[in-house]
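Each residue of the sequence shown is one higher than the one before, starting from 0 at the first, in numbering that gives the first Met the number 0.
Note that the Cβ used here is the ideal one computed from N, Cα and C, for glycine as well.
On a predicted model such as this, the values are computed, not experimentally measured, just so you know.
Taking it in order: structure first as structure tokens, then the write-up.
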Amino acid sequence: MAKKLENETELGLKRRARKINRELAQAYPYAVPELDFENPFELLVATVLSAQTTDVRVNAITPALFARFPDALAMSQAERAELEQLIRPTGFFRAKADSLLGLSAALVERFDGDVPAKLDELVKLSGVGRKTANVVLGNAFGVPGITVDTHFGRLANRLGWTAETDPVKVEHAVGELFEKCDWTMLSHRVVFHGRRVCHARKPACGACVIAKLCPSFGIGEEIPAKAKALLKYELAPGREELLAKMIAGATRRELRAEGYGLDA
Numbered sequence: 000m001a002k003k004l005e006n007e008t009e010l011g012l013k014r015r016a017r018k019i020n021r022e023l024a025q026a027y028p029y030a031v032p033e034l035d036f037e038n039p040f041e042l043l044v045a046t047v048l049s050a051q052t053t054d055v056r057v058n059a060i061t062p063a064l065f066a067r068f069p070d071a072l073a074m075s076q077a078e079r080a081e082l083e084q085l086i087r088p089t090g091f092f093r094a095k096a097d098s099l100l101g102l103s104a105a106l107v108e109r110f111d112g113d114v115p116a117k118l119d120e121l122v123k124l125s126g127v128g129r130k131t132a133n134v135v136l137g138n139a140f141g142v143p144g145i146t147v148d149t150h151f152g153r154l155a156n157r158l159g160w161t162a163e164t165d166p167v168k169v170e171h172a173v174g175e176l177f178e179k180c181d182w183t184m185l186s187h188r189v190v191f192h193g194r195r196v197c198h199a200r201k202p203a204c205g206a207c208v209i210a211k212l213c214p215s216f217g218i219g220e221e222i223p224a225k226a227k228a229l230l231k232y233e234l235a236p237g238r239e240e241l242l243a244k245m246i247a248g249a250t251r252r253e254l255r256a257e258g259y260g261l262d263a
């Protein structure tokens with residue numbers, strides 16, 4: 000349930016929301032898509048595979064997948080059994096294989112193998128909804144979009160940005176609070192914060208950089224020392240070196256090559 004600050008006006012909400020975005024930008028200057036990709040097709044496929052699993056798991060299997068099927072034409076001609084075996088670790092592999100075969104065939108037939116850069120065309124592809132389409136548009140084509148996954152939806156409610164729970168309604172409500180040019184990076188920052196600090200079951204309130212701006216402060220651990228122990232990924236205790244490298248601009252692939260684990 001979304002909470003609001005007492006007597007907050009619509010203008011006050013917009014100002015607070017934008018201040019939160021600025022604070023998150025300072026906290027996560029290295030915020031990027033957490034799926035590895037080299038081109039729009041790879042991002043589209045990886046995002047479809049990320050449903051009901053972690054980005055870490057998807058990133059572990061996509062190198063072999065794209066080495067075997069580097070483009071839409073190759074994937075559209077894939078043997079189902081081989082494709083299913085490659086994507087099996089991501090779960091729901093039969094349904095995901097259906098989506099990948101379907102969207103690849105559609106790309107070849109309707110777009111000469113290229114990924115379209117329009118929302119209405121993307122959402123007609125097999126297995127592609129608004130969330131996936133906005134990920135691709137924002138990160139492969141520079142078209143602003145808000146990506147409402149479970150983390151974004153949870154934080155939008157906790158921060159009092161909207162009481163909506165339907166992803167499309169959340170997308171539109173939050174979009175009203177920010178300049179369109181900020182939508183894509185806002186999505187990354189909010190998701191980063193949701194994965195690392197503002198957890199579903201026990202948020203690390205006492206270690207949160209936007210605690211003073213959050214109407215839900217106190218639903219999680221308030222004692223700073225205990226809250227810090229709840230932080231995940233590069234913010235977790237003992238991972239200061241990893242955090243420094245990420246802030247310095249090291250890519251996820253570079254970090255993995257150096258032996259850093261990027262899972263929680």
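Alpha carbon of residue i to alpha carbon of residue j, nearest angstrom
i: A73; j: V167; result: 33 Å
i: V147; j: T164; result: 10 Å
i: V196; j: A206; result: 8 Å
i: A132; j: D119; result: 9 Å
i: A66; j: E83; result: 15 Å
i: E22; j: G258; result: 30 Å
i: V114; j: I60; result: 21 Å
i: R93; j: E78; result: 13 Å
i: E178; j: G193; result: 21 Å
i: L176; j: L212; result: 15 Å
i: N6; j: H198; result: 27 Å
i: G260; j: E239; result: 13 Å
i: N20; j: A80; result: 45 Å
i: P214; j: V134; result: 28 Å
i: S186; j: G144; result: 8 Å
i: P76; j: T89; result: For the sequence presented, residue 76 should be read as Gln rather than Pro. Straight-line Cα distance between these residues: approximately 21 Å.
i: P39; j: I222; result: 43 Å
i: T149; j: D111; result: 34 Å
i: Y27; j: R17; result: 15 Å
i: A256; j: L4; result: 45 Å
Short CB-CB distance (under 8 Å) between residue i and chain B
i: S125; result: The chain labelled as chain B is not found in the depicted structure, where only one protein chain is given.
Distance between beta carbons of residue j and residue i, contact taken as under 8 Å
i: K227; j: P236; result: 6 Å
i: N172; j: T161; result: According to the sequence displayed, residue 172 carries Ala and not Asn. With 8 Å as the limit, A172 and T161 qualify as a contact, their Cβ atoms being about 4 Å apart.
i: A30; j: R252; result: Contact doesn't hold; Cβ gap of about 17 Å is too wide.
i: L230; j: K201; result: Incorrect: roughly 11 Å between the Cβ atoms, too far for contact.
i: L102; j: L85; result: Not confirmed; about 16 Å, so no contact.
i: V122; j: F151; result: About 18 Å separates the two Cβ atoms, so there is no contact after all.
Three or more C-beta pairs below 8 Å linking the region 29-41 and the region 52-59: Look at the beta carbons and you see the region 29-41 touching the region 52-59: at least three pairs across the two are nearer than 8 Å.
Alpha helix (DSSP H) segments (min. 4 residues) lying fully within the region 126-207: The alpha helix (DSSP H) runs lying completely inside the region 126-207 and spanning 4 residues or more are 129-139, 149-157, 166-174, 182-195, given in chain order.
Cβ contact check for the region 106-120 and the region 5-20: 3 or more pairs under 8 Å: Taking a cut-off of 8 Å for Cβ pairs, the region 106-120 and the region 5-20 do not touch, as fewer than three such pairs fall below it.
Quick test of the definition: if touching needs 3 or more C-beta pairs under 8 Å, does the region 145-159 touch the region 204-223? They touch, by the three-pair rule.
Specify whether the region 69-88 and the region 121-135 touch according to this definition: at least 3 beta carbon pairs, one from each stretch, less than 8 Å apart. Note that the region 69-88 does not touch the region 121-135; fewer than 3 beta-carbon pairs, one per stretch, sit closer than 8 Å.
Touch test, the region 88-106 against the region 136-146, Cβ-Cβ under 8 Å, three pairs minimum: No, because fewer than three Cβ pairs between the region 88-106 and the region 136-146 fall closer than 8 Å, the two stretches do not touch.
Whole alpha helix (DSSP H) runs in the region 32-94 with 4 or more residues, listed along the chain? 39-48, 54-67, 71-75, 79-86, all fully within the region 32-94.
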